[in-house]
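Chains as they are written, first to last, in the working numbering: chain U, 129 to 138; chain A, 14 to 225.
In this text, a Cβ means the ideal position worked out from N, Cα and C, and glycines have one as well.
As the structure is a prediction and not an experimental result, all values here were calculated from the model.
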Amino acid sequence: GTDSKLKDEL
Amino acid sequence: MNIFRLAGDVSHLVAIIILFLKIWKSKSCAGISGKSQVLFALVFTSRYLDLFTVFISAYNTIMKLVFLVLSYATVYLIYMRFRGSYDSENDSFRVEFLLVPVTGLAFLENYAFTPLEILWTFSIFLEAVAIMPQLFMITKTGEAESITTHYLFFLGLYRALYLANWVWRYHTEGFFDQIAVVSGVVQTIFYCDFFYLYVTRVLRGSGKMSLP
Numbered sequence: 129g130t131d132s133k134l135k136d137e138l
Numbered sequence: 014m015n016i017f018r019l020a021g022d023v024s025h026l027v028a029i030i031i032l033f034l035k036i037w038k039s040k041s042c043a044g045i046s047g048k049s050q051v052l053f054a055l056v057f058t059s060r061y062l063d064l065f066t067v068f069i070s071a072y073n074t075i076m077k078l079v080f081l082v083l084s085y086a087t088v089y090l091i092y093m094r095f096r097g098s099y100d101s102e103n104d105s106f107r108v109e110f111l112l113v114p115v116t117g118l119a120f121l122e123n124y125a126f127t128p129l130e131i132l133w134t135f136s137i138f139l140e141a142v143a144i145m146p147q148l149f150m151i152t153k154t155g156e157a158e159s160i161t162t163h164y165l166f167f168l169g170l171y172r173a174l175y176l177a178n179w180v181w182r183y184h185t186e187g188f189f190d191q192i193a194v195v196s197g198v199v200q201t202i203f204y205c206d207f208f209y210l211y212v213t214r215v216l217r218g219s220g221k222m223s224l225p
């Protein structure tokens, strides 16, 4: 998500 | 990035490459569920739309592109190039039984009611169950080639390693993603029965895995 979680995972 | 996460990504990549090479080298997709592969292509497509919106790292972008290309290439091999070897008769799992509830759940339970967030959640939920047509096919035919079981082992191991990654991140960063963690646990549970058969029959025996 944009704010709720980091987006580095695949 | 920690060792569990990196090992998980490598395991995921190994699984996808094993499957692609198996089909490519044997010129046959016998025993492989095309439906599961279409679902995985759908998982990557709906999750990696952020390739167009944010840049995270070269590693992140390259891995996403590799997963996307390999998943579509695998679907192409099954349904186009080697379609003569595709066992559609035994690939009879009704995918609408997965797609309908997963779509509904993604609309109900998400971090934000925006197209990208709903599609991301959809991809996480769908990934948890996307292997079911493949497992259904193995149960139906009662056997799987050992190379297919190696593929399933690495695919299952990948999410199990991500669980370790999330435990690690929770303790080191306080990071916790409820949707991913719950789905990841469900996804890993689906592979447990298979893990047991893999260790007892494939690793200790030889050749195909046949079900009792």
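What separation, rounded to the nearest whole angstrom, lies between the Cα atoms of residue i and residue j?
i: alanine 193 of chain A; j: leucine 118 of chain A; result: 13 Å
i: tyrosine 72 of chain A; j: valine 82 of chain A; result: 15 Å
i: glycine 141 of chain A; j: valine 115 of chain A; result: First, the amino acid is wrong: residue 141 of chain A is alanine here, not glycine. Taking the straight line joining both Cα atoms gives about 10 Å.
i: leucine 32 of chain A; j: phenylalanine 166 of chain A; result: 11 Å
i: tryptophan 179 of chain A; j: serine 196 of chain A; result: 12 Å
i: serine 132 of chain U; j: serine 46 of chain A; result: Confidence at serine 132 of chain U is low in this model, with a pLDDT of 43, below 50, so its placement is unreliable and the value that follows should be read with caution. Answer to the nearest angstrom: the Cα atoms are 35 Å apart.
i: alanine 43 of chain A; j: tyrosine 99 of chain A; result: 6 Å
i: aspartate 252 of chain A; j: valine 79 of chain A; result: There is simply no residue 252 of chain A to check, as chain A begins at 14 and stops at 225 in what is shown.
i: leucine 26 of chain A; j: serine 223 of chain A; result: 26 Å
i: tyrosine 211 of chain A; j: histidine 163 of chain A; result: 8 Å
i: threonine 130 of chain U; j: glycine 218 of chain A; result: Legend: pLDDT at threonine 130 of chain U = 43, less than 50; position of this residue unreliable, value from coordinates given subsequently. Straight-line Cα distance between these residues: approximately 48 Å.
i: aspartate 63 of chain A; j: aspartate 136 of chain U; result: 11 Å
i: leucine 90 of chain A; j: proline 225 of chain A; result: 31 Å
i: alanine 157 of chain A; j: valine 215 of chain A; result: 10 Å
i: leucine 121 of chain A; j: leucine 112 of chain A; result: 14 Å
i: lysine 40 of chain A; j: tyrosine 183 of chain A; result: 44 Å
i: glutamate 102 of chain A; j: lysine 48 of chain A; result: 12 Å
i: lysine 77 of chain A; j: isoleucine 69 of chain A; result: 11 Å
i: leucine 34 of chain A; j: arginine 94 of chain A; result: 14 Å
i: alanine 143 of chain A; j: phenylalanine 65 of chain A; result: 25 Å
i: methionine 145 of chain A; j: glycine 187 of chain A; result: 33 Å
i: lysine 153 of chain A; j: valine 198 of chain A; result: 25 Å
i: glutamate 109 of chain A; j: leucine 139 of chain A; result: 11 Å
i: threonine 201 of chain A; j: glycine 97 of chain A; result: 32 Å
i: valine 51 of chain A; j: phenylalanine 203 of chain A; result: 19 Å
i: serine 159 of chain A; j: leucine 148 of chain A; result: 14 Å
i: threonine 185 of chain A; j: aspartate 104 of chain A; result: 43 Å
i: leucine 138 of chain U; j: tryptophan 37 of chain A; result: 25 Å
i: threonine 127 of chain A; j: aspartate 190 of chain A; result: 18 Å
i: lysine 221 of chain A; j: leucine 170 of chain A; result: 20 Å
i: serine 136 of chain A; j: valine 67 of chain A; result: 18 Å
i: tyrosine 209 of chain A; j: methionine 150 of chain A; result: 18 Å
i: alanine 54 of chain A; j: alanine 28 of chain A; result: 14 Å
i: threonine 74 of chain A; j: alanine 86 of chain A; result: 18 Å
i: aspartate 206 of chain A; j: threonine 161 of chain A; result: 15 Å
i: phenylalanine 106 of chain A; j: valine 88 of chain A; result: 17 Å
What does DSSP give as the partner residues of residue i in its beta bridges?
i: serine 223 of chain A; result: A/Glu156
Please tell me whether residue i has its Cβ less than 9 Å away from any Cβ of chain B.
i: isoleucine 36 of chain A; result: The structure shown contains no chain B; the protein chains it does contain are U and A.
Inset, instruction - Note down, one range per segment and in chain order, each beta strand (DSSP E) of at least 3 residues found wholly within the segment 75-156 of chain A. - result: none
Legend entry - At least 3 beta-carbon pairs within less than 8 Å: the segment 170-182 of chain A vs the segment 15-26 of chain A: As far as the Cβ criterion goes, the segment 170-182 of chain A touches the segment 15-26 of chain A, which means the pair count is three or higher.
Inset, instruction - Say whether the segment 50-67 of chain A touches the segment 119-137 of chain A, bearing in mind that this needs 3 or more beta-carbon pairs closer than 8 Å, one atom from each stretch. - result: With contact defined as three or more Cβ pairs closer than 8 Å, the segment 50-67 of chain A and the segment 119-137 of chain A are in contact.
Inset, instruction - Check distances from the C-beta atoms of the segment 62-93 of chain A to those of chain U and list, in chain order, the residues that come in under 8 Å. - result: Asp63, Val67, Ile69, Ser70, Asn73, Met76, Lys77, Phe80
Inset, instruction - Can you give me, in chain order, the residues of the segment 18-29 of chain A that have a beta carbon less than 9 Å from any beta carbon in chain U? - result: Within the segment 18-29 of chain A, those residues whose Cβ lies closer than 9 Å to any Cβ of chain U are, in chain order, Arg18, Gly21, Asp22, His25.
Legend entry - Every unbroken alpha helix (DSSP H) within the segment 22-84 of chain A, with a cutoff of 4 residues, ordered by chain: 47-60
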